[in-house]
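Chemist: Residue numbers (our numbering), protein chains in the order written: chain A, 1 to 397; chain R, 398 to 718; chain L, 719 to 1242; chain B, 1243 to 1552.
C-beta: ideal position from N, C-alpha, C; glycine also.
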Amino acid sequence: MRRLLASESNASIVAPAVNWRRIALTWFALPLSAVGALLVGALLIAAFGSNPISGYHALINGAFGGGYALSSTAVKAVPLLLVGVGICISFRANVLNIGGEGQIAMGGLAATATALAVPHLPAVLLVPLVLLAGVGGGFVWGAVPGFFKAYFNVNEILSTIMLNLVAVQLMNYLLAGPMIDTTTPFAVTGKIPQTRLLSKNAWLPIIVHGTQLHLGVVIAVAVALLAYVLLWQTGFGFRLRAVGLSREAATYAGMPVKRTTTLALALSGAFCGLAGAILVFGGISHRMVTDGSLTGFTGSAGFNGIVVALFGGLNPLWTIVSAFLFGGLLVGGTALQGATGVPTDLVTTIEGLVVIFVVSIDFLRRRARVRAEEPPERPGTRTRTRPGLLRLMRARA
Amino acid sequence: KTGAPPTTNPAAPAATGGSTSSTAGHPFKVAIVAPSAVNDLAFTESMVSAVQSLKQKYDLQIAISDNQYVVSDAANLIRQYASEGYNLVIAHGSQYGSTVEQLAPQFPKVSFAWGTAGSTFNQPNIFAYQAASNEGGYVQGYMAGLMSKSKTIGVIGPINVGDAQLYVDGFKQGVLAADKTANVKVTFTGSFSDVGLMATAAKAYIANGADVLTGSSQSVVGAIGVAKAAKAAWFGTQWDQSSLAPTAVVSCQVYNWVPVLDQIFTAIKGGKLGGATYTIGLGNGGEKIQFNPGYPLSPSVKAAGEKEITAIVDGTLTPAQ
Amino acid sequence: MVAKGPGDAPVVLEMQGITKRFPGVLANDHVDFDVRSGEVHTLFGENGAGKSTLMSILYGLHRADEGVTLLDGEPVTIGSPAEAIRLGIGMIHQHFMLVPTLTVAENVSLGLASTRGPLKDTRRVSQRIEELSSAYGIRVNPAAAVWQLSVGERQRVEIIKALYREARLLILDEPTAVLTPGEVDDLFRVLAQMRSDGRSMVFISHKLREVLALSDRITVLRAGRNVGTVLPAEVSEERLAELMVGRHIGAERPSPQGPSPAGEALLRVRDLVVRGDRGADTVTGVSLDVRAGEIVGIAGVSGNGQRELAEAIACLRSPSRGTIRVGGVDLAGRNAAGARRAGLGFVPEERMRDGVIGDFSVSENLMLVDAAKAAFSRWGFLRGRSIRSYCAERVSTFDVRTPGLETPTRNLSGGNIQKLILARELSGNPKVLLVAQPTRGIDVAATRYIHERLREQARKGIAVLVVSEDLDEVINLADRILVMYEGRIIGEAGARTTTREALGLMLAGVAAAPAGAAAGSSAG
Amino acid sequence: MSHFFTYAILTATIASGIQYTAPFLLAALGETLGQRSGVLNLGVDGIMLLGAFSTYYVAYRTGDLGLALVAGLATGAVLGLLTAFMSVTLNAEQGISGIGVYILALGLTDLLFVKLVGTPTPIKPLMGLDIGLLDRIPAVGRMFFHQNALIYVAFLLVPVLGFVLYRTTYGTKVLACGENPAAADSLGINVHRIRYSAVIAGSTMAGLAGATLLINYGIFQENLTQSAGFIAVALVYFGAWKPGGVMAGSLLYGIVTAVIFQWKSLGIIPVSDADLAATAPAVITVLALLSVGRRFRQPSALAKPYVRGA
Ligand SMILES: Nc1ncnc2c1ncn2[C@@H]1O[C@H](COP(=O)(O)OP(=O)(O)OP(=O)(O)O)[C@@H](O)[C@H]1O
Ligand SMILES: Nc1ncnc2c1ncn2[C@@H]1O[C@H](COP(=O)(O)OP(=O)(O)OP(=O)(O)O)[C@@H](O)[C@H]1O
Ligand SMILES: [Mg+2]
Ligand SMILES: [Mg+2]
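(1) Ligand 2 and A:Val208: does any heavy atom of the ligand fall closer than 8 angstroms to the residue's C-beta?
(2) I'd like to know if L:His811 contacts chain B, where contact means its C-beta is closer than 9 angstroms to some C-beta of that chain.
(3) Give me the Cβ distance between L:Val1184 and L:Gly1061, rounded to the nearest whole Å; I'm assuming they're in contact under 8 angstroms.
(4) Run the CB neighbour count on B:Gly1305, radius 10 Å, all protein chains shown included, and call it buried at 16 or more, exposed below.
(5) Examine ligand 2 and report whether any of its heavy atoms sits within less than 8 angstroms of the Cβ of L:Asn765.
(6) Between A:Ala443 and R:Val552, what straight-line distance do the alpha-carbon atoms span, to the nearest angstrom?
(7) For a contact defined as C-beta to C-beta under 9 angstroms, what are the partners of A:Leu419 on chain L?
(8) Ordered along the chain, which non-local residues of its own chain (more than five positions away) have a Cβ less than 6 angstroms from that of L:Val794?
(9) Is the CB of L:His780 under 9 angstroms away from at least one CB in chain B?
(10) Name, going along the chain, the residues of the region 1456-1472 of chain B whose beta-carbon falls closer than 9 angstroms to a beta-carbon of chain A.
(11) A:Glu373 by DSSP, collapsed to three states: which one?
(12) Would you verify that the beta carbon of R:Val427 is, or is not, closer than 9 angstroms to some beta carbon of chain A?
(13) Residues of chain A with a CB under 7 angstroms from the CB of R:Ile556: which are they?
(14) At a cut-off of 8 angstroms, would you count B:Leu1392 as near ligand 6, judging by its Cβ distance to the nearest heavy atom?
(15) Output the boundary residues of the alpha helix (DSSP H) element that contains R:Tyr466.
(16) So if I threshold CB-CB distances at 7 angstroms, which residues from the region 263-291 of chain A count as touching chain R?
(17) Do we get a CB-CB distance below 9 angstroms when we pair L:Pro1066 with the residues of chain A?
(18) According to a CB-to-CB cut-off of less than 7 angstroms, which residues of the region 817-837 of chain L neighbour chain B?
(19) If distances are taken between C-alpha atoms only, which option among B:Arg1550, B:Val1498, B:Pro1364, B:Asn1458 comes closest to R:Ser640?
(20) What whole-angstrom Cβ distance do B:Ala1316 and B:Leu1456 have, given they're in contact under 8 angstroms?
(21) Going along the chain, which residues of its own chain have a beta-carbon closer than 6 angstroms to the beta-carbon of L:Ala863, five neighbours each way excluded?
(22) With 16 other CB atoms within 10 Å as the buried threshold, where does B:Gly1481 fall?
(23) Who are L:Met919's beta bridge partners in DSSP?
(24) Looking at C-beta atoms only, is the number of pairs between the region 1311-1330 of chain B and the region 1513-1520 of chain B that lie closer than 8 angstroms three or more?
(25) Rounded to the nearest angstrom, what separates R:Asn653 and R:Gln527 at their Cα positions?
(26) Assuming R:Ala596 and R:Gly567 are in contact, meaning their beta carbons sit under 8 angstroms apart, how far apart are those beta carbons, in whole angstroms?
(27) Entirely within the region 553-611 of chain R and at least 3 residues each: give me those beta strand (DSSP E) ranges in chain order.
(28) How would you call L:Phe751, buried or exposed, if buried means at least 16 neighbouring beta carbons within 10 angstroms?
(29) Quick check: is any heavy atom of ligand 2 less than 8 angstroms from the C-beta of L:His811?
(30) What does A:Tyr68 touch in chain R if you count any residue whose Cβ is under 8 angstroms from its own?
(31) Hey, how far is the Cα of A:Ala202 from the Cα of R:Cys649?
(32) For A:Thr344, would you say it is in contact with chain D, using Cβ-to-Cβ distances shorter than 9 angstroms as the test?
(33) If we count the other Cβ atoms within 10 Å of its Cβ and call it buried at 16 or more, is R:Ser695 buried or exposed?
(34) If you count every other CB in all the chains shown that lies within 10 Å of the CB of R:Ser450, and 16 or more means buried, which is it?
(35) Which complete alpha helix (DSSP H) runs does the region 30-63 of chain A hold, if anything under 4 residues is left out?
(36) Apply the 10 Å Cβ neighbour rule to L:Trp865 and answer buried if 16 or more other Cβ atoms are within range, or exposed otherwise.
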């Protein structure tokens, strides 16, 4: 019997023909989705009576034209990237983390509380400490629904959404109460729900003078690389992916399924929490301040991060690229508003369209891949259509 | 999220890095960063339309970024406008204070205006502006106290801060001055933007027997609808809201930031980039009580209200802050 | 066992030149196939030979790329199961097509018009079900929820479904794979009655004995092609197997019946009580020993506690009482990983669900239990090179046929997946190997290979415990057979000293065990 | 505390709790129907938003609330079609496609609002409907029988959905598609058609939920729903996919919210602690779930696209 271990055996059977359809669908599916969304966006700009070309020109210029724009984009991308990486991890473990918003807020609060508690520590200690506190805050806020899911079978969609609602109120309470700024006289600011100016020693240093580019950008990229290694090069990542694909098989293999599930959501929360800390200490105002809504603090990064991760194929490395692009979209949206008067909501709309196109085109990708990648060998050789997006997007390490 | 596109195009090649002091021949560049929509019938609209009304007078080039309720995004924009050579950046929201405080030293040639608030952080290029909204609040509260039959009056604020807080305090004081036995209830929804919560709070008051309501912030539109549906009376602030509920709105305290802006522009032309705090009030024409002609207000109540206005304007009455 | 139908009856179904391509696979290659009225026509062939595909085309689940189907001589296109049903074709799938949360009556009437318009007419449906049950001697309670039913009862519901729809051509795809001998006999009795009503049947099975007993004709598919139609009277089991794989394979030789090996008892179970999913005890006091070098088979009708027993031994279910020792180590309080450390290897019964992760590559599945071992992981990081060389070794040692180590495991055949699992479970040199349903749904050739590997492990001194509902398998493979009934071991038989018939009675709980069973039912 | 328990306030609280419940209930019932057929629709919040907007817009333009409601329903149906197309025909990953719909609606409603409306203007409210003499019954009358018609519709849909699911052949097909679509398919049921119909009907209910919310508030604004749609999805899990359970969850959530609000406006909860109190509905919902310790068994095929023969 012929042994089929050698992969060259395939090559000898099929003539290497270029399959453009497959290439288009496997390599250009995501860019095509983006283009599709931008085209619909162009229609919307036109509906507002503006010129889409000049609108997009302003958008791209505002996002990527020059050092300042690039640095703004990079800074805007940081929370998206961190949340996105967290999403990569939790979705790989088959846990849908919709709680990024709350986890960001809790990370921000924990980091802020730390800076308020020990403001005099030197920067070399305080900066890592507040970042770790952010990680911790998010970790806890992710671990709770993770634990509930793993041990009490409480659906994580339910609990993460509910915890978002809890987080926003907790944030309002803390910022208007125990953590409120008591250093400025009441007459100056009234009772704005904000902390005092946080210790300078906790500020994230700017790494390129004259821009916004701060240490958080480097940290976020490093975290994404680490997450990649974690998922594909470590035993923990292996278990996490195994649990995500089949709880049953992981259980039979003796893996700690419940612990892994809890940890996956907690880790996802930790990354979001880190994003929260960076939002506070890498921001311009260097305080934590709210307008009473979660998005007022997070800028919806908890949701946008899902889009970013998805666009990055749930692969932390591609998520870096994707976060940068979406950061640019958000930053450029303001420039577009300036140039055309089309509200920045256009960017949100485009984002939604991107998601819809990506998940829809995935169907065609799946088919293209199955048709093209597994050429007929001999009758009776088994192949199976590959299932869903999450699985499809297994990066080849 | 601008309804009305900005008057001029800020993306057009701007004087970057050059001198920012306004020399004759160059338009004076003003940027407004505001937390809600330009057409919110309240806080943001009051400032934007005031600036636009001065466009000719001062040869202004205006850029507007509205709906910047995410503070970190707003901060980024404020910084960007400052770095693009705008002469004046108006940070229209108390929550932007810290940002302005941080940025002002980095852009010493740019003038920042921050409100509503009472402090310039002792910096030479920050103006602060505020509204003595307690004055109009007092007047309207006084009328409310006289009008209410159920003796139950509901007050809804967004967050306990800035002019909202002043208005609420003044209103409460006015009600009690008119009727010591009245029952004034105050709720803060915790959000500047949540129309639904405001409406819900208004409903709670109605359910508890209130027949007069008032509220501050851009999120009151839903609550006004509730008042209208329940045939309760409504007092507004920041902007004339009569058109929203011609049968329910009694009167509104209307802001007019023009006096403040006049002072700021004059100061800047005179080379002074900040360091002063300006207040609009009933006295300087920055605030006005606009009666809704369509509301059947009893003449005696109206007369009592006008008497209080006169007292405040001529200084015989000063509502406590 | 069953009277044969007429050989000259009219042809009801004719499939001509059916070709079906799946991405990468030619599943049917110009297959001709016909069925006569009142006939049981068997399709026989290796895993993946194309049997199910051919029948799916007939039932409207797939569309043929080429070829025509004639019913009563008329060409028909069957685009959906709805059309197939309308044409009088019924299908019983290997995996029951039942909705567990619905009642029998709801399942039976699903998709049919109701006499009460949009409302359900449960009463009328139940009545009709009762009529059919009594006509064919099939006992079912129309009001019972399907999840409460045993496997055999579910099978009956499937048959009722077909009868209810007045199917005159019934396709049965591996209907006996999960049935006990008694249930198989019941099924065959019903099929015989249906045949005498003039209904026709297409039967698919991997069990040679059944095929020879039931069929009027047998068509063998190999690699998607029809390699011949034979009459059961004219072929032997061996010849059939040979046709199937296309070369000569000898008959399976049962394990030599030596004296019971005197090895140490590596697996000791004492007085075990285990609770099932529905809260009741399903294992009610089991004690057994498996010695080094011995293969012990556990036979039983499914649902008599074997599954829970196996899961308890593998530490996937904690017993409410009793002890389990592997090589002297008490497994109490351990998890599956702990059981493996104590020296247990475990091949689960649901191999696609529990044994492997379909989307993982072959090598990832081979690492599933060992990834944390020092040989493959340092400081928590996986060691790619040693993993690859190890997996390559396993794949070749166990003859896992795969295009590559990175191939997604779901692309492998059932037999090869089973070999992969065996390769993995034996890698830790276990003292005890627990195998549940080792060859369910696996074709004859792969079955023999797997049996041979199990015997080889026993010869090496491993204690092998095989849980199987396939009597032939247990008889062929085991040195000793324990019969489980209602949570207990009710008897023991030497594999060579018992007969299928005697065993079959014991499975039904009828005959008591021969006295003196070494590890029979416990007194407590 | 004492004056909370006055008769008038108690009834008013429950009445507003019921009103608060209605949008959640409508959306959650719609989601229940969709999930029972095997489709997870995470885009409910977006559908509610767009439904609310179109209701608002038509009411604002025409002043005709009836027409406005039709617009809300139609919007729900169209978005249901989109959702079904993605989930059923294109086999999209459902958790994610729903988020796409949500984000799209979030942006689009605001764009449309700015473009088509501009200045926020309240619409005329839907008056309370007095049901015969029932609303004269002391206490109960004002609590339950002086609500606007949509509230009755929401609660009426509970038994209606129960009836459809458990008493009709269509319901049985829906359940079968959610549990074992292959079985349904093998019996000639068009799984795609059933799922399309369930998702479209469910989304229409989400559109109605948006309209109800809008009519409650009387005005549209950005992100009007404030995650109400997501909470509705959560309530489906809470209610274990049963209409009655979903209603219980929605009522728990709505009434706790109303009570907190009443207490805030009555000053029972000090302003400084108001935010903490506002976490109560969410916390109580999760805790209720934990303490009941219910082992959920969701529809087996939930969120799994059905591909014949796979
Ligand atoms: N969608 C598919 N794509 C590729 N191969 C498939 C697909 N569906 C089924 N198969 C293969 O076809 C074979 C027969 O399918 P069937 O549904 O009869 O499964 P089965 O008999 O349970 O499989 P097994 O024989 O492994 O137990 C299976 O072994 C499976 O590997
Ligand atoms: N839906 C499908 N998509 C792709 N390939 C398929 C599909 N169904 C079956 N196949 C492939 O077609 C071939 C024939 O499969 P089929 O299910 O007909 O085999 P079978 O004879 O029923 O096998 P078994 O004995 O395991 O049931 C196999 O290689 C299988 O992998
Ligand atoms: Mg088959
Ligand atoms: Mg098979």
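Modeler: On the basis of the data shown:
(1) no
(2) yes
(3) L:Val1184 to L:Gly1061, Cβ: 17 angstroms. No contact.
(4) exposed
(5) yes
(6) Any property of residue 443 of chain A remains undetermined from this structure, which presents chain A solely from 1 to 397.
(7) There is simply no residue 419 of chain A to check, as chain A begins at 1 and stops at 397 in what is shown.
(8) Thr787
(9) yes
(10) Glu1464, Asn1465, Gln1468, Ser1469, Phe1472
(11) Low confidence applies to A:Glu373: its pLDDT is 46, below 50, so where it sits in the model is not reliable, and the reading given next is rough at best. If DSSP states are grouped into helix, strand and coil, A:Glu373 belongs with the helices.
(12) no
(13) Pro193, Gly292
(14) Ligands displayed in this structure: ligand 1, ligand 2, ligand 3 and ligand 4; ligand 6 is not among them.
(15) From DSSP, R:Tyr466 is part of no alpha helix (DSSP H); its letter is neither H nor E.
(16) Leu279, Gly283, Ile284, Ser285, His286, Arg287, Val289, Asp291
(17) yes
(18) Val817, Pro818, Thr819, Leu820, Glu824, Leu828, Gly829, Ser832, Pro836, Leu837
(19) B:Pro1364
(20) Contact flag wrong, Cβ pair sits at about 14 angstroms.
(21) Thr821
(22) buried
(23) L:Val758, L:Leu888
(24) no
(25) 11 angstroms
(26) About 24 angstroms; that fails the 8 angstroms criterion.
(27) 580-585
(28) buried
(29) no
(30) Gln477, Ser480
(31) 46 angstroms
(32) Of the chains in the structure shown, none is chain D; the protein chains are A, R, L and B.
(33) exposed
(34) exposed
(35) none
(36) exposed
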